[in-house]
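Heads up, the thing below is written out as structure tokens.
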Amino acid sequence: MDYSLNTIPAREIIPGFRGKLVHGAEMSLVFWEVDSGSEVPEHHHKNEQIMHVIEGRFEFTLNGVTREYTPGDIVLIPANVPHSGKALEACRLMDVFSPVREEYR
């Protein structure tokens, strides 16, 4: 199956976080456009997650440790570990989740 980011509709999952989602049998892929100042509150989930910063600056807290991430940075987020984030400027991010992020279907 093929996809194009140009034709996938964006969904606002959290205020200021608009995602284009692709789901396979065992994983989900999300391309995010994030407004400056938008925040994702601390949470955790059963999914392992990999976050890649494509554009912008994103402040991310993983298990109580906060760092600023910039284009090219990648963060591995283990399952069930608390994390949160804030866009310090408009960002483009990519997340991979395994297993599928069912609540995003």
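In numbering that gives the first Met the number 0, the protein residues as written are 0 to 104. Note that CB positions come from ideal geometry on N, CA and C, so glycine has one too.
Report all residues from its chain with a CB closer than 7 Å to the CB of residue i; omit the five preceding and five following residues, and keep chain order.
i, result
"Ser-97", "Glu-25, Met-26, Asn-46, Glu-47"
"Val-39", "Ile-13, Phe-16, Ser-83, Gly-84"
"Leu-61", "Val-74, Ile-76, Val-80, His-82"
"Arg-66", "Phe-59"
Pick out whichever of the options has its Cα sitting closest to the Cα of residue i.
i, options, result
"Met-50", "Phe-59, Asn-5, Glu-102", "Phe-59"
"Gly-36", "Lys-19, Gly-55, His-22, Val-95", "Gly-55"
"Leu-75", "Asp-94, Val-21, Arg-104, Pro-8", "Asp-94"
"Tyr-68", "Arg-104, Ser-3, Leu-87", "Leu-87"
Rounded C-beta distance between residue i and residue j? I'm assuming under 8 Å.
i, j, result
"Arg-91", "Trp-31", "7 Å"
"Pro-81", "Glu-41", "5 Å"
"Arg-104", "His-22", "6 Å"
Between which residues of its own chain and residue i is the CB-CB distance below 6 Å, once the five residues before and five after are set aside?
i, result
"Glu-11", "Arg-17"
Count the other CB atoms within 10 Å of the CB of residue i; is the residue buried (16 or more) or exposed (fewer)?
i, result
"Val-33", "buried"
"Val-64", "exposed"
"Leu-20", "buried"
For the beta strand (DSSP E) containing residue i, list its first residue and its last residue.
i, result
"Pro-77", "Where Pro-77 is concerned, there is no enclosing beta strand (DSSP E), given that its DSSP letter is neither H nor E."
"Arg-91", "90–97"
"Pro-87", "The residue asked about is misnamed: residue 87 is Leu in this sequence, not Pro. Neither: Leu-87 is in no beta strand (DSSP E) and is coded neither H nor E."
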